[in-house]
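Top to bottom, those sequences are chains A, B and C. Once you know that position 79 of the first sequence is 79 in our numbering, the rest is easy, because the numbers rise by one and skip nothing. Every position in the second sequence, counted from 1, becomes a number in our numbering once 1000 is added. Every position in the third sequence, counted from 1, becomes a number in our numbering once 2000 is added. C-beta atoms are modelled at their ideal positions from N, C-alpha and C, and glycine is treated no differently. Read the structure below first, then the notes.
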Amino acid sequence: MSDAKKFMYINRKAPYGTIYAWESLEVVLIGAAFEQDVSLAFMDDGVYQLTKGQDTSGIGMKNFSPTYSALGDYEVSKIYVEKESLEERGLTLDDLQHLVWEDEDEDYAEKDSIRLVSRAELADVLAGQDVLFNF
Amino acid sequence: MKLTIQVNEGPYQHQSADTAYYFAKAALEKGHEIFRVFFYHDGVNNGTRLTTPPQDDRNIVNRWSELAQEHNIDMVLCVAAAQRRGIVDDGEAERNGKDTTNIAPGFRISGLGQLVEGGIQSDRLIVFGD
Amino acid sequence: MAMLHVVNKSPYDACNLNTASSIMKEGDQLLLIEDGVYGAMKNAKAESLLNGLKVSVLGPDLAARGISQDKLVDGIDVVDYAGFVDLVEANDKVQSWL
Chain A
1 MSDAKKFMYI NRKAPYGTIY AWESLEVVLI GAAFEQDVSL AFMDDGVYQL TKGQDTSGIG
61 MKNFSPTYSA LGDYEVSKIY VEKESLEERG LTLDDLQHLV WEDEDEDYAE KDSIRLVSRA
121 ELADVLAGQD VLFNF
Chain B
1001 MKLTIQVNEG PYQHQSADTA YYFAKAALEK GHEIFRVFFY HDGVNNGTRL TTPPQDDRNI
1061 VNRWSELAQE HNIDMVLCVA AAQRRGIVDD GEAERNGKDT TNIAPGFRIS GLGQLVEGGI
1121 QSDRLIVFGD
Chain C
2001 MAMLHVVNKS PYDACNLNTA SSIMKEGDQL LLIEDGVYGA MKNAKAESLL NGLKVSVLGP
2061 DLAARGISQD KLVDGIDVVD YAGFVDLVEA NDKVQSWL
């Protein structure tokens, strides 16, 4: 892992209206096999991807929102959600799915994956990355 | 510098396929290496040989094919995106029982792992899209 | 660890320039391309978004849209595609605010 790159997937689009949210998940899941140091960020309309209670039965598309809760199994444990984007949209963390991962080093203790960060804090996180995938 | 270029949009609808092309050309002229051009989402439509733009318009597909040929660039169409949009090579035609192929010269169809690998192997990843 | 931020939409169509300008750190570089070049025009509502930022704009996209250089916010650097490549090389990574 020492030569692993820091991969950041930046998600800024709402789900279903366009394909980008779904495709981002696809790359994250396939990318997991490459054992890089992966983080996800959700900002702007991207925060809508994580909302609870999505039901696509009426629009004939696959509901991919349950996949977010599987990210922990793919060792994706760093999910940054931007505070300003949530607040602008009248949302709080309670409106989002509760995403967790299991920490092997602490007897598989369940830990929160979502880290609520300000735009300034997210800027620092982005600055520390090696590769940015834009969705 | 080693570059991977991602193209998200099809030709003609959005300028991104043009910008990506001129960026790639300028990078090559400056002696940089293009590790891969990865066509994703509607971007796979850059790789069909069946387009016939009017004579007074640019031929975006041919332009990519020529660039690939001249500089030996690896140009990859995302397989899942290509299957959804009907971009077919010999392998896909055989696997999925299609009666023809339409992939343009210089392109190949492969998986998303090729994009991830581009991110790992290149000094820079740059995305063009809507 | 400087970053190149690329914006390709008009600030009157999308929030991308707003997001990019508010997340940019000292030393980062903004490049306006495609319809993003409209964000470089002075005496316009979005002009203040560029305050304090290092800004370049893609010349061929300006010319295509009939924007002469005297209409640009002061201090903006006009580059061609080769200059675009140089900016990608000069920064550690690229964020396209699509």
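{"Check": "Extent of the continuous alpha helix (DSSP H) run through residue 2029 (chain C)", "Outcome": "Here residue 2029 (chain C) belongs to no alpha helix (DSSP H); instead the beta strand (DSSP E) covers 2029–2032."}
{"Check": "Counted within 10 angstroms of its Cβ, other Cβ atoms place residue 129 (chain A) as buried (16 or more) or exposed", "Outcome": "buried"}
{"Check": "Residue 1059 (chain B) versus residue 2060 (chain C) - alpha carbon distance", "Outcome": "19 angstroms"}
{"Check": "Residues that residue 81 (chain A) bridges to, as DSSP identifies them", "Outcome": "A:42 and A:116"}
{"Check": "Exposure of residue 1119 (chain B), with buried meaning 16 or more beta-carbon neighbours within 10 Å", "Outcome": "buried"}
{"Check": "Contact set between residue 2029 (chain C) and chain A, taken where Cβ atoms lie within less than 7 angstroms", "Outcome": "Chain A residues near residue 2029 (chain C): none, gap ~13 angstroms exceeds 7 angstroms."}
{"Check": "Cβ-Cβ distance between residue 2024 (chain C) and residue 2032 (chain C) below 8 angstroms", "Outcome": "no"}
{"Check": "Residue 2033 (chain C): contacting residues in chain A (beta-carbon distance under 8 angstroms)", "Outcome": "Within chain A, no residue comes near residue 2033 (chain C); the closest Cβ sits about 14 angstroms away, beyond 8 angstroms."}
{"Check": "Delimiting residues of the alpha helix (DSSP H) encompassing residue 2047 (chain C)", "Outcome": "Note, residue 2047 (chain C): premise wrong, no alpha helix (DSSP H); not H, not E."}
{"Check": "For residue 2013 (chain C), the three-state DSSP class (helix, strand or coil)", "Outcome": "coil"}
{"Check": "Pick from B:1103, B:1104 and B:1089 that is closest to residue 1097 (chain B), judged by C-alpha positions", "Outcome": "B:1089"}
{"Check": "Residue-level contact to chain C via CB, residue 1051 (chain B), 8 angstroms cutoff", "Outcome": "no"}
{"Check": "Interface residues of chain C facing residue 131 (chain A) [CB-CB closer than 9 angstroms]", "Outcome": "2093"}
{"Check": "Residue 2065 (chain C) versus residue 2051 (chain C): straight-line alpha-carbon distance, rounded", "Outcome": "23 angstroms"}
{"Check": "Contacts around residue 1010 (chain B), its chain only, beta-carbon distance under 6 angstroms, and the 5 residues preceding and following it disregarded", "Outcome": "1042 and 1045"}
{"Check": "Minimum Cβ-Cβ distance from residue 2041 (chain C) to chain A less than 8 angstroms", "Outcome": "no"}
{"Check": "Same chain, Cβ closer than 7 angstroms to residue 136 (chain A), five either side skipped, listed in chain order", "Outcome": "This structure cannot settle anything about residue 136 (chain A), because the visible part of chain A is limited to 1 through 135."}
{"Check": "C-alpha gap between residue 2069 (chain C) and residue 80 (chain A), whole angstroms", "Outcome": "40 angstroms"}
{"Check": "Straight-line Cα distance separating residue 1106 (chain B) from residue 1049 (chain B)", "Outcome": "10 angstroms"}
{"Check": "At least three beta-carbon pairs within less than 8 angstroms, the segment 1022–1032 of chain B to the segment 25–39 of chain A", "Outcome": "no"}
{"Check": "Buried versus exposed, by CB contacts within 10 Å (16 or more), residue 1006 (chain B)", "Outcome": "buried"}
{"Check": "Neighbour-count burial assignment, residue 1 (chain A), 16 or more Cβ in a 10 Å radius", "Outcome": "Confidence is the limiting factor: at residue 1 (chain A) the pLDDT is only 47, short of 50, which leaves the residue's position unreliable and the question unanswerable from this model."}
{"Check": "CB contact check: residue 1127 (chain B) to chain A, cutoff 8 angstroms", "Outcome": "yes"}
{"Check": "Residue 1065 (chain B) (DSSP reduced to helix, strand or coil)", "Outcome": "helix"}
{"Check": "Under 8 angstroms between C-beta atoms of residue 2011 (chain C) and residue 2058 (chain C)", "Outcome": "no"}
{"Check": "Residue 1019 (chain B) - containing alpha helix (DSSP H), residue span", "Outcome": "1016–1029"}
{"Check": "Residue burial classification, residue 1004 (chain B) (beta-carbon count within 10 angstroms, cutoff 16)", "Outcome": "buried"}
{"Check": "Chain-order list of residues whose beta-carbon lies under 6 angstroms from that of residue 2096 (chain C) (same chain, five-residue window excluded)", "Outcome": "2006"}
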